[in-house]
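Notes to accompany the following structure.
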Amino acid sequence: MTEVFGLPLPVLAGQIMLGLVNGCFYAVLSLGLAVIFGLLRIVNFAHGAFFMAGAFGAWMLQRYAGLGYWAALLLVPVVVGGLGGVFERGLLRRLYGLDPIYGLLLTFGLVLVLEGGFRVAFGTSGQPYPVPASLQGVFNLGFMVLPIYRAWVILAALAACVLTWWLIERTSLGARLRAATEKPALTQSFGVNVPRLLTFTYAGGIALAAFTGVLAAPILHVNSGMGSNLVIIVFAIVVIGGMGSVFGSIVTALGIGVIEGLTKVFYSEASTTVIFVVMALVLLFRPRGLFGKEGSA
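Here it is in structure tokens:
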């Protein structure tokens with residue numbers, strides 16, 4: 048059997064693939080977080096809770112409404128994103144222009160409410176969510192066996208990242224969003240509904256978190272604490288990539304996922320801390336992040 052660095056190739060490739068799948072989860076989550084911070088200047092600590100709500104939404108649709116995975120993948124991001132929009136219009140917009148700590152505290156309070164509510168309703172044990180029948184099975188690549196569902200996760204996550212980047216960087220909608228956050232009064236004078244755009248931005252970021260939750264539901268047990276386990280890592284990724292940098296968040300998330308997977312092979316004890324070591328090194332030599340712009344927060 049072929050060996051690389053003293054390890055069988057299937058073992059090494061399997062860990063890289065596992066790291067890439069985790070990196071895809073990190074990428075879509077950090078992308079939503081970067082969009083919200085980059086355009087609204089809000090540190091959205093509730094992002095992990097909305098990820099958890101997305102996974103629970105898929106589970107509840109199946110259990111109580113009989114709707115499967117594909118329906119959940121379409122409906123849950125819309126519903127959870129809509130709830131995020133209501134939260135932004137009712138509470139969060141009152142904090143624009145104030146110290147970011149107020150937004151952080153408000154969204155942290157929302158985390159406590161959401162996680163506590165789901166914990167009371169469904170307990171702390173994980174709820175299983177099956178892989179859809181059309182995505183069951185494996186691809187035999189010769190040097191490794193790749194589950195079809197994990198391949199789908201990679202494709203779906205990358206497609207979501209590319210589509211979001213294109214909307215923000217290459218369309219007139221993205222141009223209006225950037226203008227609305229940088230010069231709201233001037234943008235409003237041109238007839239653009241700035242408050243509606245800001246609500247759309249926040250709801251879109253939350254929808255990305257919910258979409259990731261649906262993707263993760265068949266891989267992770269659906270439970271009230273699943274978002275808390277990821278949100279600190281996602282914040283570190285956004286800092287490394289550059290606060291508010293969409294491209295930086297995507298690239299950094301995929302890289303961190305692979306680094307984390309390889310660390311589990313060679314020194315598993317460090318797999319939970321390697322991302323913070325990377326963050327410390329990046330901040331030491333490039334405080335604004337790998338892809339952050341001059342003067343960025």
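Heads up, this note's numbering is the position in the sequence shown plus 47, with the first residue counted as 1. All C-beta atoms, glycine included, are put in the ideal place defined by N, C-alpha and C. On a predicted model such as this, the values are computed, not experimentally measured, just so you know.
What separation, rounded to the nearest whole angstrom, lies between the Cα atoms of residue 288 and residue 84? For the purposes of this step, residue 288 is identified with residue 241 of the sequence shown, where counting begins at 1. For the purposes of this step, residue 84 is identified with residue 37 of the sequence shown, where counting begins at 1. Cα-Cα distance, rounded: 13 Å.
Reference residue 200, options 217, 332, 214, 178, closest by Cα: Here the question's residue 200 lines up with position 153 in the sequence shown. Selected option, being the one with the closest Cα: 178.
What are the start and end residues of each continuous alpha helix (DSSP H) run of 4 or more residues lying completely inside the region 174-219, in chain order? 195-217
The region 66-80 touching the region 252-263, judged by at least three CB pairs closer than 8 Å: yes
Exposed or buried, what is residue 76 when buried is set at 16 or more other beta-carbons lying within 10 Å of its beta-carbon? Against the sequence shown, residue 76 aligns to sequence position 29. By the 10 Å Cβ count, residue 76 comes out buried.
Does the pairing of the region 264-277 with the region 152-169 give three or more beta-carbon distances under 8 Å? yes
Helix, strand or coil for residue 242, going by three-state DSSP, please let me know. In the sequence shown, counting from the first residue as 1, residue 242 sits at position 195. If DSSP states are grouped into helix, strand and coil, residue 242 belongs with the helices.
By DSSP's criteria, residue 125 is part of a beta bridge. Which residues make up the other side? Stepping through the sequence shown from its first residue, residue 125 is reached at position 78. None, per the DSSP bridge assignment.
Could you pull out every unbroken alpha helix (DSSP H) segment of at least 4 residues lying fully inside the region 235-313, listed in chain order? 241-263, 275-288, 293-313
Count the other CB atoms within 10 Å of the CB of residue 148; is the residue buried (16 or more) or exposed (fewer)? By 1-based counting over the sequence shown, the position of residue 148 is 101. Counting Cβ neighbours within 10 Å, residue 148 comes out exposed, since fewer than 16 surround it.
In whole angstroms, what is the alpha-carbon distance linking residue 58 and residue 315? The residue labelled residue 58 in the question sits at position 11 within the sequence shown. The residue labelled residue 315 in the question sits at position 268 within the sequence shown. Whole-angstrom Cα-Cα distance: 14 Å.
Between the C-alpha atoms of residue 106 and residue 240, what's the straight-line distance to the nearest angstrom? Translated into positions along the sequence shown, residue 106 becomes position 59. Translated into positions along the sequence shown, residue 240 becomes position 193. Computed Cα separation, rounded: 36 Å.
Residue 130 versus 195, 114, 248, 214, residue with shortest Cα-Cα distance: Translated into positions along the sequence shown, residue 130 becomes position 83. Selected option, being the one with the closest Cα: 248.
Which same chain residues, not among the five before or five after residue 204, have their C-beta less than 8 Å away from its C-beta? Translated into the one-based positions of the sequence shown, residue 204 becomes position 157. Taken in chain order, the residues that qualify are 71, 72, 74, 75, 259, 262.
Whole-angstrom Cβ separation of residue 271 and residue 169, contact assumed at under 8 Å? Along the sequence shown, read from residue 1 onward, the residue named residue 271 stands at position 224. Along the sequence shown, read from residue 1 onward, the residue named residue 169 stands at position 122. That belief holds up - the Cβ atoms of residue 271 and residue 169 are roughly 7 Å apart, short of 8 Å.
For residue 68 and residue 268, what's the separation of their Cα atoms in angstroms? In the sequence shown, the residue the question calls residue 68 occupies position 21. In the sequence shown, the residue the question calls residue 268 occupies position 221. Each residue's Cα considered, the two are about 16 Å apart.
Three-state class that DSSP yields for residue 55 in the structure shown: Against the sequence shown, residue 55 aligns to sequence position 8. Looking at residue 55 - three-state DSSP - the assignment turns out to be strand.
6 Å CB neighbourhood of residue 208 in its chain, flanking five on each side removed: Residue numbering aside, residue 208 sits at position 161 when the sequence shown is read from its first letter. Once the five neighbours on either side are set aside, the close Cβ partners of residue 208 are 74, 78, 297.
Helix, strand or coil at residue 147 [DSSP, three-state]: For this step, residue 147 is matched to residue 100 along the sequence shown. Note: residue 147 maps to helix in three-state DSSP.
Please list, in chain order, all residues of the same chain as residue 175 whose beta carbon is under 8 Å from its beta carbon, the five residues on each side excluded. Against the sequence shown, residue 175 aligns to sequence position 128. Excluding residues within five positions, the ones whose Cβ falls inside 8 Å are 268, 269.
By the 10 Å Cβ neighbour count, where 16 or more other Cβ atoms means buried, how is residue 91 classified, buried or exposed? Residue numbering aside, residue 91 sits at position 44 when the sequence shown is read from its first letter. Residue 91 should be labelled buried.
Please classify residue 279 as buried or exposed, where buried requires at least 16 other C-beta atoms within 10 Å of its C-beta. In the sequence shown, counting from the first residue as 1, residue 279 sits at position 232. Under this definition residue 279 is an exposed residue.
Would you mind sorting residue 344 into buried or exposed? The rule is 16 or more other CB atoms within 10 Å of its CB. Here residue 344 refers to the residue found at position 297 when the sequence shown is read from its first residue. Summary for residue 344: the model assigns pLDDT 44, below 50, so the residue's position carries little reliability; its value from the coordinates is reported in the next sentence. It counts as exposed.
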